[in-house]
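All remarks here apply to the structure that follows.
Protein chains: 2
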Amino acid sequence: MTLKRFFIILLIFQLSINGIVAQQLLSPDKNMALTFSLNDNGIPVYQISFKNALVIKKSKLGFILKNDENNLFDNFAISNTETSTFDETWQPVWGEENQIRNHYNEMAVTLNHQKSNRQMIIRFRVFNDGVGFRYEFPEQDNLGHFVIEDEKTQFAMTGNHTAFWIPGDYDTQEYDYTESRLSEIRKLMTNSITDNLSQTTFSHTGVQTSLMLKTDEGLYINIHEAALIDYSVMHLDLDDKNMVFEAWLTPDVKGDRPYMIAPAITPWRTIIVSDDARDILASRLTYNLNEPSKIENTSWIKPLKYIGVWWEMITGKSSWAYTDDLKAVKLGVTDYRKATPNGKHGATTEHVKEYIDFAHKHGFDGVLVEGWNIGWEDWFGHSKDYVFDFVTPYPDFDVDELQEYAKTRNVQMIMHHETSSSVRNYERHMDKAYRFMKDHGYHAVKSGYVGDILPRGENHYSQWMVNHYQYALEKAADYNIMLNAHEAVRPTGIARTYPNLISNESARGTEYQAFGGSKENHVTVLPFTRLIGGPMDYTPGIFEMDISKLNPDNHSHVNSTIANQLALYVTMYSPLQMAADLPENYNRFLDAFQFIKDVGMDWEKSVYIEAEPGSYITIARKEKGTNNWFIGNVNGKTNRVSNIKFDFLDNDKVYIATVYADAKDADYKVNPQAYIIKKFKITSKSKLSQQSVAGGGYAISIFESNKTETKSLKKL
Amino acid sequence: MTLKRFFIILLIFQLSINGIVAQQLLSPDKNMALTFSLNDNGIPVYQISFKNALVIKKSKLGFILKNDENNLFDNFAISNTETSTFDETWQPVWGEENQIRNHYNEMAVTLNHQKSNRQMIIRFRVFNDGVGFRYEFPEQDNLGHFVIEDEKTQFAMTGNHTAFWIPGDYDTQEYDYTESRLSEIRKLMTNSITDNLSQTTFSHTGVQTSLMLKTDEGLYINIHEAALIDYSVMHLDLDDKNMVFEAWLTPDVKGDRPYMIAPAITPWRTIIVSDDARDILASRLTYNLNEPSKIENTSWIKPLKYIGVWWEMITGKSSWAYTDDLKAVKLGVTDYRKATPNGKHGATTEHVKEYIDFAHKHGFDGVLVEGWNIGWEDWFGHSKDYVFDFVTPYPDFDVDELQEYAKTRNVQMIMHHETSSSVRNYERHMDKAYRFMKDHGYHAVKSGYVGDILPRGENHYSQWMVNHYQYALEKAADYNIMLNAHEAVRPTGIARTYPNLISNESARGTEYQAFGGSKENHVTVLPFTRLIGGPMDYTPGIFEMDISKLNPDNHSHVNSTIANQLALYVTMYSPLQMAADLPENYNRFLDAFQFIKDVGMDWEKSVYIEAEPGSYITIARKEKGTNNWFIGNVNGKTNRVSNIKFDFLDNDKVYIATVYADAKDADYKVNPQAYIIKKFKITSKSKLSQQSVAGGGYAISIFESNKTETKSLKKL
C-alpha cells in the first residue's frame, strides 16, 4: 500500500515580469522553479530555473489544430489556477529500488481561448528532480473531436549546450549517439543517419527524446515524455539560431498528428534537471508521472535471466529460416515437409535442448528461441501481410517435446513473435498466439517490429502504432503474459501502469555489435537517454568479440571488453536480462561467466556512485531480499581510474567482494578478453581504486560473509 | 452431391491470322469462340466472338510490375497449352434455382517470359453464356513476391455501344446508373458523380463493373469479375477514341496495386454475352467461376424475410443516437446514464417489441435493429478509431429482455454492426461481437462501412479492404453467422464458396429514395449490373412515397409505385429480403402487404420472361419445396404493356393468381399508391396482358388450387 497525502495549499507566487503577471511554482525542496504566464498575444509561456539559474528560457506552449480557425495557441486568458501538493511512496513490482517517492507540487492552469470559448488546462508538476507538464482538454461544448496539426511546445535552451543525440526518425531509434554542441547538430546529421531496415528522418536538426544535455555551467538536463498513450511520439526540432527546441510529433500516413477527443490528455513533457549527473540516473520522475498499476494481481510478473537461440542467427552462424528452397512462403499453402532443410536452422529441437541443458546447469530462468515458427524464408522486405501465424512450428521444432523437456529441468521457454511490422496480421492472430503460449508453458514473449509498418504508410511512432503497442501490452496482461517488445516505441514509464512490460529494445542494442559495431562509449550514454523511460533488453554478455570466430563471413567486432560486458548487468537496468553469447563461448570463460550467474535481477536499492554521460557510469545495487550487492562500472573513450567507496554497505558486516576487471593490457579492439578476477574482504569502510580501459569497465559481486570464509582473503 | 465429368480432349483449333498462330476455344454449344495468340511483341492477345460476330476485338493481356524491369506483358512465348472440358451440376444452398450447371471448355496457356524465364498461365473458360479468364502465377524460381503496378487487361469494344454505367470510384457504388453511348461517358461523368459519404473517383472515363453494354446489333455484353479474393477491385477505364476498356485496379494508400506471392491467381475477368437480354439475368457464370462451398454443414444458413428499426432513421423520423447532449463520445468513459435522451431514439425496448409483435403477427423471420449500441452520437465524420464496441447497448435497449421476447414469438433478432469504416477497431472486437451474437440468439448480422476507411488512406475497394471483408466473412462462418455487408466491396460470386454471405448492399439501395430519390428505372438496371455478382439487400417494400409524411423536414420522394415495390421481391433476388417500411404504413395497405407476406424466399426455378436493361424485367420464380410461383415485373421510364404466358406452370394443374398491379391512373410521382388487386383462375395456357406505368410494375402470386376454390374466380 502507498502512503498518500494530498492537500491544497497556496504554492504559487505572483510575479510581475515586464508588466505581465506570472505564476511561480516551486519544488518541495524549493530548488526547482517553474514560472508560467501568458504573453501579450495570450500565448502560454513557461520557464524553469534550478537553484536560481535558468534551465529553460521562456518557452511557448500550445497547439495548431487542423482545419480549425481556433487554434489552441494564442488568444488565451487564465480562468482558473489550482495548486496542490502530493507525496506518496509506492512499491514497484520490479525496479532499481523497492520504494519510490512521488513528491511534487502541482499547478493546474485553466486557460480560456477567448475567441472560441474553449478550455485547455496545462498541468505542471514540479519535483525536486525536474518538471513535468501536460495538456488537458476537458469535456466541453466547444471542443469535441479535433486533430492536432502541430504541437508548439518549446524547450528554449539557455546556451549552446552539449547534447547526446540521435537523429529524429519516425521509425527507429537504433542509432549510435552523437555527442556535440547544439550548433553542430545540423552539420553532423547526415553522418549520424546510419542505415536501418526501416527509417524515416524528417529534419536536419531533428533529434529524439529522451535527449540528454549538459550546459557549460555543469547543469544536466534531460528532455523526454511520460505516459505516451493514444498520442504520437514527440521528437524535437531545433531552431539552431535561437537554440529553441520545439515538439515535432510523428505524423500519420496523411501527415496528420494525433486525433483527439475531449475529454483528453496529452503525454507529460518532462525536464529532469540536476547539477549532478547521477541524479539523472536516480530520477523516477518518468514513472511518477504514469498511473499506478492497473494490474491488480502482479504475482505472475517476475524478473527473468535468460539465454537464447538468437546470437547465432544475429551473427550469421545459423539461420532463422528452415530452408533456402523457397522463393516465397504462403502460410497454409507452402508444404515445408517437401523443402530441403538448409542445415543452418538454429531452432531445432535437439539444439534447443542443449540450450535448456545449459540454462538448467547454470541456473537461468528461461530460454528464448527465435526462428521456431514457419515463415522466416521471406519474412522481410516484401511488405508481406500474412507473414507469420505465431503458432505453427517448423518441422524440426517440437513444441510439446520441448515444453516437457524444459519443465523437467525447471527452465521456462520464452516465446518469440516477430511481426515483421505486419500489424494487422499480428492483431488478428494475437489471441490465438497468446492462448498458444499459455497452453505450452510460455509466460513471456519477445515481440519484434522489424521493417516498414503494415498498414502501409504508417510509421513505428505514429498514434496508430502507439495505440497498437498498448493494445498488445494490455492484451498480454489479460493473459498474464510478460512482454518485451523490440523495435517498438521507446518506453515512457508505462511499465508502472502495466508492469508486465518487462523490457523493450527501442534503441541500438547489442545486435549492432554484430552488424559493424557500436561506439565504445555507447553504454555510458544509454542510461541517460533510452533508459529514462524504462528498462532495455540490451542483451549483454558477449564474450567473443571477434564475430568471424562464429561466422567467417562476418567481420564485425564487438567494441567492448569482457569486463564491460559483465558490468552491463548492473548499469543497464532491466528485470529481463539475457546472457546473449553462445554456451560454447561461456564455457571458455566460466570464471567470468560466474558473475552473470550471480548477479541479481531485482533490486532493493541502487546507489549511483559515479556518472558522466558518454564517459563513465558506476552503480551499486542491493539485491531484493538478500544482502548481496553488485557493482557495475562502464567506461567511455579513454582509460580511467574509478575511485569508489563502499559506504553503502552495512557498517557491522563483512563481505567478500569479487572484482571482475579489465586486465592492465586489455583493449576493447585488440585485447578485449583480457580480464582479471580478484577476491577481497571488504567492509563499509573499504575503498577501491580500479582502472577501466576505454570500452571497458568492471563488475563486482559482494556477498555477506563470516570470518572463516574471509580469513584467507586480502583486505581491500 | 454434384455430377462431375472431367476429361481431356482436343478442343482448340490452330488458326493463322496475319501469320501469327492463334488458338481458338469454343463453348460447348459452339456459339462462343475465344481466340488467343501472341502478337509480334510477344504480348498475349485474345478476342471473343458470339455466333460468328465479334464481341471483344483483339485485346491485350498482362501486367506492369512495380520496380521490376521484367514486366509480365510483352516478350512472352507459349510454352504449353492444355485443354479440358468440364460439366457438373451443383446445388446452391440458396439461389434462383436449385440446380446450377457448370459446363465449359477450358484452355490453360502457359506463357514463358523469355527475358526473365518467368511463367504465367492464362486460363480461359468458355461457357455457352460467356467467357472467364484469369492469370495464374505458378510457384517458380524467378517469381516470388511481386507488386502489380498496372493490370493491362483490355476489353476492346466493336463499336460505340450503349452502356449502363456508374462512375469508377474506389469507395462507393452508390450511384444512379447513366445510360449512354460509350462516347458520351466523358461528358456525362461530372453529373453522374453525385455526393456520397466516402467517394474517390479517378478518371473522366472510368466506370465500374459489372458493366452492362448493348450493341447496335442487339448483343448484350456484361463485363465483371468473379472470385475477387486477396486482390483489389477492377474498374474499367475507357480509351474513348478506340473504344477500348482497360482494367484499372484500385490502388492502396501508396498507389500500389495488389501485392502478390507466387503461387497466386487473380480473380476471373468475366464477359457474359447473349443476343437475348434474359440470358444475362439467367447466367450463373459468376458463381460457376467461384470455388464450391468451403462450409461443410450449411444447415444453419437459411433465407430470411425481415423487418427492422431502420427506415424511420433513414427518413429522419427517429434517430440512431440516444442523446443530443454529447459533443463527442469516449467509449468506456462517457456515462450515458447522465445524458438526456433525445426522445427520438428508435431502438428502445418498447419500440422494438412493437416490431417483434408485427413480425410475429405477419410471419416474418426476423427483426433488424440499428442504433441499439452506444456510440452513435459522433459515429461519422471524425475518422474515429474506437467508435463502437458492438456489445454495449444503450440504456433504453434491453438485450436480454428482447431476446426472450423475440424467442417466445418465434422471431429472431438480427444484429447490426456499423463499423464507421474503422476497420482495425472492428477486427479487434469481432470475436467478442460474434460471440455476443451467439450468446443472445442472433444468427445474422448486417455490417456497415459508412465513411472513409481507417487505416486512413485506404479505400473501400483496395486489396487491404477486400482482404478484410473476406476475413469478416470467414470468421462469421466459424461462428455460424450469416453476413449481409453494406458499403462493402460489390460481390463477385463468393457466396458460392461462403454461402453465409446471404446478401450485400454495394449499390444504390432503397435508402436513396429518402435521400432525394433514385431514377425510376434504377431497378430495371440493377439485376443486369450489381446483381451479376450476388444478391442485394435492396430493402424494398416502401408503401409511403412521400417521405415528409414520416418526417416533415424530409421532402424526398420515392420514385416508385407500390406495385413496383412488390415486384422487387421477385426481380431483385436475395435470400435476405426486408419489408423496409414502417408497420403503420403496412397497416394502411394490408391487402397489398399480403404479397410481401406470401412471396417466397428461396427458389427451385426461375423463368426470365421479359428483360431489357433500363426498360423492364419480368421474372417468374417457383418457390423451393412448394408449387407456388411468384412473378415480378418492374418497368422503366415509359408506360408499357407486358404480355406474358404462364407456360412454365404444370400442365395438369389449376392455380389462383393474385395480380397486384398499377392502377390505370397510377403515377410514380403523383399517384404512386394507386394499385389494383385482381384474382384469377389460371393454367399453363393462360396469358396476361398487363400495363405497368413508368416506375411501376406488377407482382403476381400463384398458388395451386382446386375447383372449389376457383369456382367463383374469372379465368384469365
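Sequence lines, in order, name chains X and H.
In terms of the numbering used here, the first sequence is residues 1 to 716.
In terms of the numbering used here, the second sequence is residues 1001 to 1716.
Just so you know, even glycine gets a beta-carbon here, dropped at the ideal spot from N, CA and C.
Candidates the options, of which the one nearest residue i by Cα
i	options	result
N1459 of chain H	H:K1432, H:K1446 and H:A1488	H:A1488
D1171 of chain H	H:Q1208, H:T1190, H:E1149 and H:Y1177	H:Q1208
R640 of chain X	X:N98, X:D650 and X:D662	X:D662
S84 of chain X	X:L26, X:Q154 and X:H351	X:L26
Where residue i meets chain H, residues with beta-carbon distance less than 9 angstroms
i	result
D335 of chain X	Per Cβ cutoff of 9 angstroms: no residues; D335 of chain X is ~11 angstroms from chain H at best.
A262 of chain X	K1327, A1328 and K1330
Close Cβ partners of residue i (< 6 angstroms) along its chain, the five nearest in sequence each way excluded
i	result
N521 of chain X	G614, G636 and K637
H468 of chain X	V423
P1491 of chain H	N1504, G1533 and G1534
K1344 of chain H	S1318 and S1319
Rounded separation between residue i and residue j - CA only
i	j	result
K624 of chain X	E1377 of chain H	52 angstroms
E610 of chain X	V525 of chain X	13 angstroms
I1008 of chain H	L1034 of chain H	With a pLDDT of 41 at I1008 of chain H, under the threshold of 50, the predicted position of this residue should be treated as unreliable, and no value is reported.
D431 of chain X	T298 of chain X	21 angstroms
K1305 of chain H	W1090 of chain H	25 angstroms
K294 of chain X	H486 of chain X	23 angstroms
S1556 of chain H	T1340 of chain H	30 angstroms
R1123 of chain H	F1137 of chain H	11 angstroms
Y1668 of chain H	T1561 of chain H	5 angstroms
N706 of chain X	W310 of chain X	41 angstroms
D1400 of chain H	D478 of chain X	27 angstroms
T1408 of chain H	H1360 of chain H	10 angstroms
W464 of chain X	M1032 of chain H	52 angstroms
Residues that residue i contacts on chain X, provided the C-beta gap is smaller than 9 angstroms
i	result
W1739 of chain H	Outside the shown range of chain H (1001 to 1716) lies residue 1739 of chain H, about which nothing can therefore be said.
D1431 of chain H	D431
Neighbouring residues, chain H, relative to residue i (Cβ below 7 angstroms)
i	result
G144 of chain X	K1327, A1328 and D1378
Coil, strand or helix - residue i by DSSP
i	result
S518 of chain X	coil
N1425 of chain H	helix
F146 of chain X	strand
V1450 of chain H	coil
L1402 of chain H	helix
D325 of chain X	coil
M313 of chain X	helix
A277 of chain X	helix
L1003 of chain H	Low local confidence applies: a pLDDT of 38 at L1003 of chain H is under 50, so the model's placement there is unreliable, with the coordinate-based value given in what follows. In the structure shown, L1003 of chain H sits in a strand (DSSP, three-state: E or B).
F703 of chain X	strand
Contact list for residue i against chain H, beta-carbon separation under 8 angstroms
i	result
Y479 of chain X	Going along chain H, no residue has its Cβ under 8 angstroms from Y479 of chain X, so there is no contact; the nearest lies around 14 angstroms.
Residue i: contacting residues in chain X (beta-carbon distance under 7 angstroms)
i	result
H1382 of chain H	H145
N1342 of chain H	Going along chain X, no residue has its Cβ under 7 angstroms from N1342 of chain H, so there is no contact; the nearest lies around 16 angstroms.
K1254 of chain H	R456 and G457
Sequence-distant residues of the same chain with beta carbon closer than 7 angstroms to residue i, five excluded per side
i	result
T1392 of chain H	N1373 and I1374
L1182 of chain H	M1157, N1160, H1161, A1163, L1238, D1240 and M1243
T571 of chain X	V523, P527, I617, I619, G632 and V634
T1002 of chain H	Because T1002 of chain H carries a pLDDT of 40, less than 50, the predicted location of this residue cannot be relied on, and no value is offered for it.
F703 of chain X	N628, Y655 and I656
Cβ-based neighbour list, residue i, same chain, cut-off 8 angstroms, excluding 5 preceding and 5 following
i	result
G1218 of chain H	D1275
Amino acids of chain X, ordered along the chain, whose beta-carbon sits closer than 8 angstroms to that of residue i
i	result
E1427 of chain H	R424, E427 and R428
D1141 of chain H	K327
N1467 of chain H	D385
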